[in-house]
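Student:
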Amino acid sequence: MKITLGQFAPTADLAANRTSIEALARSAVEAGSDLLVLPEEAMVLASEASTPLGDIATAEWLPFTEFIRDLSKATGIGIVAPGYEPGSSGLPYNTIVVSDRTGALVATYRKMHLYDAFSYRESSYVMRGEVKPTVFAINGTVFGLLNCYDLRFPELARALVELGADTLLVSAAWMSGPLKVDHWLTLLRARAIENTCWVIGVGSSSPECIGVSTVVDPMGQVLDQLGDEPIAAIHAEVSKERLDEARYALPVLLNRRIMINGS
Numbered sequence: 002m003k004i005t006l007g008q009f010a011p012t013a014d015l016a017a018n019r020t021s022i023e024a025l026a027r028s029a030v031e032a033g034s035d036l037l038v039l040p041e042e043a044m045v046l047a048s049e050a051s052t053p054l055g056d057i058a059t060a061e062w063l064p065f066t067e068f069i070r071d072l073s074k075a076t077g078i079g080i081v082a083p084g085y086e087p088g089s090s091g092l093p094y095n096t097i098v099v100s101d102r103t104g105a106l107v108a109t110y111r112k113m114h115l116y117d118a119f120s121y122r123e124s125s126y127v128m129r130g131e132v133k134p135t136v137f138a139i140n141g142t143v144f145g146l147l148n149c150y151d152l153r154f155p156e157l158a159r160a161l162v163e164l165g166a167d168t169l170l171v172s173a174a175w176m177s178g179p180l181k182v183d184h185w186l187t188l189l190r191a192r193a194i195e196n197t198c199w200v201i202g203v204g205s206s207s208p209e210c211i212g213v214s215t216v217v218d219p220m221g222q223v224l225d226q227l228g229d230e231p232i233a234a235i236h237a238e239v240s241k242e243r244l245d246e247a248r249y250a251l252p253v254l255l256n257r258r259i260m261i262n263g264s
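Residue numbering for the sequence shown follows this note's numbering, beginning at 2 and increasing consecutively.
Structural data, given as structure tokens:
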């Protein structure tokens, strides 16, 4: 299973964002990847939007998901694409959709941990999703979805692994600031080590964010990484053999005494 980490800098210009996504999809195809993972806010950068985000979600969510599905079908790759979905309260959800290579939607995950930290209040403009750890499978590999701040909650990662995930996909717009890169890398590696699973972290490189898309293997080794490039891709081979080796050498999932059921 080959995965492309498609880092770019989303803006308020939805058409420009689609152009970037198309370029990253072409890169994924050229690399022979099965799956393209995009950063949080791939649809639109909320902080730069001049129109209320709820209105953008109402007008643009379905066209965005159709664009992703059509792109998957045209390129023959799966795509993990975050955007803003209309919510019942007037506030949108921060939602990740996944299309497979045929263009079928195989997963939808609404961000459950909103970023109300470091003086930021995501809950002021986004509706919190239900507690619903979300996994999906492509070509026999089971993936679990996390959205940015979700990474700080180890119980979600473990719940996804309980549901069968052997690779965690983290789409993020990780805000810059003191120690933020350290936190990002430490948490990516910790989630990999404690669950003996692959972790793929794809970061937005918009002006307020760090980028630093990263591939971590099941023993916590960083195999590849980007900086703050405005648009770039890396391609990672996620092997079942490496997963099995790690879980044989470090059987923490078999040795644990407390189980998390995802509820």
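By construction, the Cβ of each residue, glycine as well, lies at the ideal position given by its N, Cα and C atoms.
1) Given a cut-off of 9 Å on the beta-carbon distance, is the pair V38 and T5 in contact?
2) Put I57 into one of helix, strand or coil per three-state DSSP.
3) Measuring alpha carbon to alpha carbon, tell me which residue in G228, R102, G79 is nearest G202.
4) Measuring alpha carbon to alpha carbon, tell me which of V107, S206, Y85 ends up nearest P64.
5) Work out the CA separation of R190 and R102 for me, nearest whole Å.
6) Could you have a look at S240 and say whether DSSP puts it in helix, strand or coil?
7) Just to confirm before moving on: does the CB-CB distance between E195 and V253 stay below 9 Å?
8) Spell out the partners DSSP gives C149 in its beta bridges.
9) Going straight from the alpha carbon of S124 to that of S90, what length do you get?
10) From what residue to what residue does the alpha helix (DSSP H) around S100 run?
11) For E156 versus M260, is the C-beta distance shorter than 9 Å?
12) Measuring CA to CA, which of I69, P40, Y126 is closest to Y94?
13) Can you name the start and end residues of the alpha helix (DSSP H) that A24 belongs to?
14) How would you call F9, buried or exposed, if buried means at least 16 neighbouring beta carbons within 10 angstroms?
15) Between the stretch 237-255 and the stretch 38-57, can you find at least three pairs of beta-carbon atoms closer than 8 Å?
16) Going by DSSP, which residues form a beta bridge with L37?
Tutor: According to the data block:
1) Your numbering for residue 38 matches position 37 in the sequence shown. Your numbering for residue 5 matches position 4 in the sequence shown. Going by C-beta atoms, V38 is nearer than 9 Å to T5.
2) Looking up residue 57 in the sequence shown gives position 56. Of the three classes helix, strand and coil, the one that applies to I57 here is helix, per DSSP.
3) Counting from one through the sequence shown, the residue named residue 202 turns up at place 201. The residue with the shortest Cα to Cα distance from G202 is G228.
4) In the sequence shown, the residue the question calls residue 64 occupies position 63. Closest option to P64, Cα to Cα, is Y85.
5) The count along the sequence shown starts at 1 and reaches residue 102 at position 101. The count along the sequence shown starts at 1 and reaches residue 190 at position 189. Their Cα atoms are separated by approximately 29 Å.
6) On the sequence shown, residue 240 is found 239 positions in, with the first residue counted as 1. It is coil, neither helix nor strand.
7) Residue numbering aside, residue 195 sits at position 194 when the sequence shown is read from its first letter. Residue numbering aside, residue 253 sits at position 252 when the sequence shown is read from its first letter. Yes, the pair counts as a contact, with Cβ atoms nearer than the cut-off.
8) What you label residue 149 is simply residue 148 of the sequence shown in a count that begins at 1. Answer is none; C149 lacks a bridge partner.
9) Position 123 of the sequence shown holds residue 124. Position 89 of the sequence shown holds residue 90. The straight-line gap from Cα to Cα measures roughly 12 Å.
10) Start at 1 with the first residue of the sequence shown, and residue 100 comes out as number 99. It is not in any alpha helix (DSSP H) - S100 instead sits in the beta strand (DSSP E) that spans 94-100.
11) Taking the sequence shown and counting its residues from 1, one reaches residue 156 at position 155. Taking the sequence shown and counting its residues from 1, one reaches residue 260 at position 259. No, these two residues do not count as a Cβ contact at 9 Å.
12) Stepping through the sequence shown from its first residue, residue 94 is reached at position 93. Selected option, being the one with the closest Cα: Y126.
13) The residue given as residue 24 occupies position 23 in the sequence shown. Per DSSP, A24 belongs to the alpha helix (DSSP H) from 15-31.
14) As a first step, residue 9 must be located in the sequence shown, where it is residue number 8. Result: buried.
15) no
16) Indexing the sequence shown from 1 puts residue 37 at position 36. Answer by DSSP bridge pairing, in chain order: T5, I80.
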